[in-house]
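Going by the working numbering, the first residue of the sequence shown is number 70, and it counts up by one from there.
Every residue gets a Cβ at the ideal spot worked out from N, C-alpha and C, and that includes glycine.
Everything on this sheet refers to the single structure shown next.
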Amino acid sequence: MPSVFSYLRSSFGRRILLLFALCIVVPGAIFGFLSLRQVEEKFHQETMRRMRLQNREIVMSIHGGFSSIETEVEFLAGILGNGTISTLQRSSDWGWMFHDRPLLGATRIRGGYRAEALFGNPCPPPPQTDAARSHLASNRGLVYLQQNAGGIPRIFLAHSILGKAPERELLVCEVNLDHIWGRVRDAAPPVTEIAVLSPDGAPLFQTQPMPVAVLKRAEEERRKGPAGNFEWGQGPETLLVDLGTVFMKPVFLADDWIVVVSQPRSEAFAAAKRFTQALFLSIALVVLMAGLFAHVQIRRSVAPLAVLKEGTRRISGGDFDSRVEIGSGDEFEELGHSFNTMADHLGREFRIQSEMGRIVQTILGETEKRKIIEAVLENVTAVVACDCAGLSLMDPGAMKNEAITYIREDASIVPSVIRKVMLSLSTEEIRKMKSAEKSVIVGKGAEFGNFLSGWTGTRPAIFLLSPLVPRGEMVGVLILGFRNPPAPAREILIRIRQVADQTAIALSRARLIEELAQNDLGTLTALARTVDTNSHWTAGHSERVTTLAMGLGRELGLPPDGIDLLHRGGLLHDIGKVGVPPSILDKAGKLTEEEYAVIKKHPSKGAEILEPIPNLQKIIPIVFQHHERFDGKGYPNGLSGEDISPHARILALADVVDALISDRPYRPGWSREKVLAYTRENAGQQFDPEVVEAFFRIEARRSVDAPAETGFTAA
């Protein structure tokens with residue numbers, strides 16, 4: 070094994086090593102990376118610390134605002150209590166006391182319910198709780214909120230009147246929020262947004278509307294502790310968010326408020342960005358200087374490299390006959406000889422792999438077993454010049470040792486003639502073939518005779534057998550026949566092994582796709598039956614609707630994937646009824662408005678149930694819209710005409726037809742004639758006229774097996 074530092078024996082290697090040592094590219098890059106990380110981390114810590122301090126200042130400003138207002142209210146309560154002013158008829162009489170308008174109104178409440186508006190807006194009484202009465206009795210202000218039709222709650226501060234018991238006489242004042250929020254705005258630094266949330270998360274104040282998701286996240290973080298911070302991504306922009314708590318309960322017996330401070334990360338890290346640009350500029354300058362120095366050192370070696378580069382360019386352009394001539398007398402000359410040898414091998418391998426790639430692409434491009442078999446047998450002769458080809462396939466889970474062999478006995482006949490033969494194999498043959506890691510060559514009369522018993526006419530002298538073993542299970546054998554021994558045998562074995570491996574993958578994938586499709590539909594059918602058994606009146610409804618909808622889809626000329634959508638959508642169209650109580654589904658009389666509202670929710674509930682499942686996204690419009698009407702009078706969204714999914718329009722007719730002809734707790738099933746008349750009458754109103762016409766075309770062709778075709782039959 071060559072030494073790790075063997076390149077030091079060459080002068081070129083030593084020069085390159087010296088070049089990179091002098092350039093210090095790696096140390097410079099490491100230094101730049103570490104410096105950038107440290108600067109970003111420091112900026113982040115400093116920004117979050119600054120936002121924490123800003124949040125505290127805002128919290129203190131809110132507390133200060135309420136404290137000053139409490140002082141004003143306490144002063145007013147004292148005036149009322151000592152009888153200095155008994156009553157005031159005009160709000161202007163209070164102007165000498167409140168120049169900055171901290172209050173929007175004041176109301177005296179006697180006996181807990183008799184209110185006398187002193188000035189401004191009338192104020193409601195505070196909560197009548199033991200805690201509130203005790204708090205007011207201690208001569209402290211009580212803050213409480215009242216929801217406002219405008220969206221922003223009104224805030225009130227209640228205080229006992231001097232010398233009066235709270236239950237006998239109170240002063241309630243409405244707080245001027247501009248007085249509070251003005252303090253908040255004064256405390257807000259530039260490029261910083263502030264929001265104050267009520268205890269239930271509703272915005273009380275915002276300098277600029279914040280994304281709803283940010284406010285919800287802040288409310289969630291607040292449950293973890295009184296303070297915290299997080300980052301929130303908003304498209305290409307990221308917000309740094311800090312949250313704090315205004316502790317209202319100790320002083321004002323109110324639930325705590327949440328203060329949210331946010332700042333765009335780009336603004337916070339503007340200085341860091343400038344530092345990064347300067348750092349990268351410095352590193353680029355160092356690299357440039359190192360490159361100039363390296364250029365001087367490499368100039369003496371540039372000629373051989375230029376020759377090799379030109380040769381590489383011709384090779385990359387497909388000129389595999391290209392050769393290079395280097396007479397430097399050093400390692401470059403040896404490299405030139407190796408380059409020419411490599412070109413020979415690449416040319417030969419490229420021609421082989423090009424044809425192999427075409428064949429593999431053809432094989433892997435098919436997902437049906439029949440087409441895969443045809444693709445293999447028709448194209449394998451382009452890789453290996455064989456006289457005949459066959460593919461024996463077996464079921465790994467079968468109890469019998471049997472195989473179906475597909476044989477193309479004469480590769481010269483185009484189009485190919487493929488014959489199908491059933492073979493019986495011995496357990497020993499299967500074991501030996503499975504244990505063969507690579508392809509095996511078999512002559513006349515040798516082992517594996519049962520695999521070769523399907524050939525008739527002129528039997529080839531040599532057979533090449535390659536097992537198909539994806540994931541440890543043998544699913545078949547690829548068989549090639551030669552009238553004369555192939556040469557060179559080793560390369561042929563490698564090529565045919567590649568074809569066999571890709572064939573095994575394609576067959577395994579086709580089998581998996583088939584199994585998944587069967588399992589998928591089986592699962593959906595089970596879900597549909599589960600929903601239908603919620604009421605014995607709807608048993609089998611989803612499957613009958615599905616059958617009728619698929620028949621209508623075929624009549625309308627939908628492609629296979631459209632029929633598959635109807636299949637899946639039909640089975641799950643009523644999955645939203647899983648939450649509807651049986652008492653509603655089985656009710657014999659007319660539904661109340663509340664019960665009907667529950668029923669009308671099942672399309673949207675069904676769409677909500679299916680939303681997290683990726684492979685059912687395409688059927689969500691069918692489930693969601695199957696109760697929409699063509700004239701726009703349906704639900705849940707009142708869509709009309711072409712705005713309704715074509716598949717939902719088909720399913721809507723199938724759903725109504727099966728519901729009408731089936732017995733229900735509130736009525737017996739309709740006769741076929743009555744259902745047909747109803748369908749014709751509602752064409753263009755409830756139903757798409759084209760779907761109705763397709764339905765009647767099917768009915769016109771009905772025969773003995775027509776109910777099975779359309780699903781239009783009594784439950």
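With distances taken Cα to Cα, identify the nearest neighbour of Gln754 among Gly738, Val726, Asp727 and Glu697. Glu697
Under the DSSP definition of a beta bridge, which residues are partnered with Gln332? In DSSP, Gln332 forms a bridge with Leu309.
Measure the C-alpha to C-alpha separation of Ala728 and Glu662 and round it to an integer number of angstroms. 21 Å
Assuming Glu139 and Pro171 are in contact, meaning their beta carbons sit under 8 Å apart, how far apart are those beta carbons, in whole angstroms? At roughly 10 Å, the Cβ-Cβ gap does not stay under 8 Å, so Glu139 and Pro171 are not in contact.
Beta-carbon contacts of Glu573 that lie in its chain and below 6 Å, excluding the five residues immediately before and after: According to the sequence as given, residue 573 is Ala; it is not Glu. The residues are Leu537 and Pro539.
Is Arg564 close to the ligand MN? I mean its beta-carbon at under 7 Å from any heavy atom of the ligand. Within the structure as shown, the ligand MN is missing, as the structure has no ligands at all.
Between which two residues does the beta strand (DSSP E) harbouring Val212 extend? Leu211 to Gln215
With DSSP collapsed to three states, give me the class of Thr276. coil
Please name the residue or residues paired with Leu103 in a DSSP beta bridge. Bridge partners of Leu103: none, in fact.
Distance, Cα to Cα, Phe225 vs Ile127? 20 Å
Quick one: measure Cβ to Cβ for Ala146 and His228, integer angstroms, because I've assumed they're closer than 8 Å. 5 Å
DSSP three-state label for Gln158, please. The predicted position of Gln158 is uncertain, since its pLDDT is 41 and thus under 50; no value can be drawn from it.
In three-state terms, what does DSSP make of Gly550? Assigned with DSSP and collapsed to three states, Gly550 falls in strand.
Rounded to whole angstroms, what is the Cα-Cα separation between Arg334 and Trp326? 25 Å
What does DSSP give as the partner residue(s) for Arg179 in the beta ladder? Arg183 and Glu238
Classify Glu236 as buried or exposed, calling it buried when 16 or more other Cβ atoms lie within 10 Å of its own Cβ. exposed
Does the beta-carbon of Leu103 have 16 or more other beta-carbons within 10 angstroms, so that it is buried, or is it exposed? Under this definition Leu103 is an exposed residue.
Using CA coordinates, which residue listed in Leu187, Lys318, Glu762 and Phe764 is at the minimum distance from Leu239? Leu187
Helix, strand or coil, according to DSSP, for Tyr475 in the structure here? strand
Straight-line gap, Gly434 to Gly459 (C-alpha atoms, nearest Å): 20 Å
Determine, using beta carbons only, whether Val212 and Met279 come nearer to each other than 8 Å. Going by C-beta atoms, Val212 is not nearer than 8 Å to Met279.
Does the count of Cβ pairs from the region 636 to 651 and the region 670 to 685 closer than 8 Å reach three? yes
Could you spell out where the beta strand (DSSP E) holding Ile682 opens and where it closes? No beta strand (DSSP E) contains Ile682, which DSSP labels as neither H nor E.
Between the alpha carbons of Leu625 and Gly609, how many angstroms are there, rounded? 25 Å
DSSP three-state call for Ser611: helix, strand or coil? If DSSP states are grouped into helix, strand and coil, Ser611 belongs with the helices.
Nearest neighbour of Ser461, chosen from Val445, Ala666 and Phe520 [CA to CA]: With distances taken between Cα atoms, Ser461 lies closest to Phe520.
Is Leu621 near Val760, with beta carbons less than 8 Å apart? yes
Terminal residues of the continuous beta strand (DSSP E) containing His11? There is simply no residue 11 to check, as the chain begins at 70 and stops at 784 in what is shown.
The beta strand (DSSP E) with Glu262 in it runs from where to where? That run of the beta strand (DSSP E) goes Glu262 to Leu266.
Let me confirm a value: Tyr475 is counted as buried when at least 16 other C-beta atoms fall within 10 Å, else exposed. Which label applies? buried
How would you write the range of the beta strand (DSSP E) that Arg749 sits in, first residue to last? Where Arg749 is concerned, there is no enclosing beta strand (DSSP E), although the alpha helix (DSSP H) it sits in stretches over Arg741 to Glu750.
From Arg749, His671 and Ala287, pick the residue whose C-alpha is nearest to that of Tyr704; which is it? His671
In three-state terms, what does DSSP make of Val538? Val538 falls in the coil class under three-state DSSP.
Which listed residue (Phe100, Thr307, Ile689 and Val726) has its alpha carbon closest to that of Val355: Phe100
Taking only three categories from DSSP, how would you classify Thr314? Of the three classes helix, strand and coil, the one that applies to Thr314 here is strand, per DSSP.
Short CB-CB distance (under 8 Å) between Val511 and chain C: As a matter of chain content, chain C is missing from the structure shown, which is built from one protein chain.
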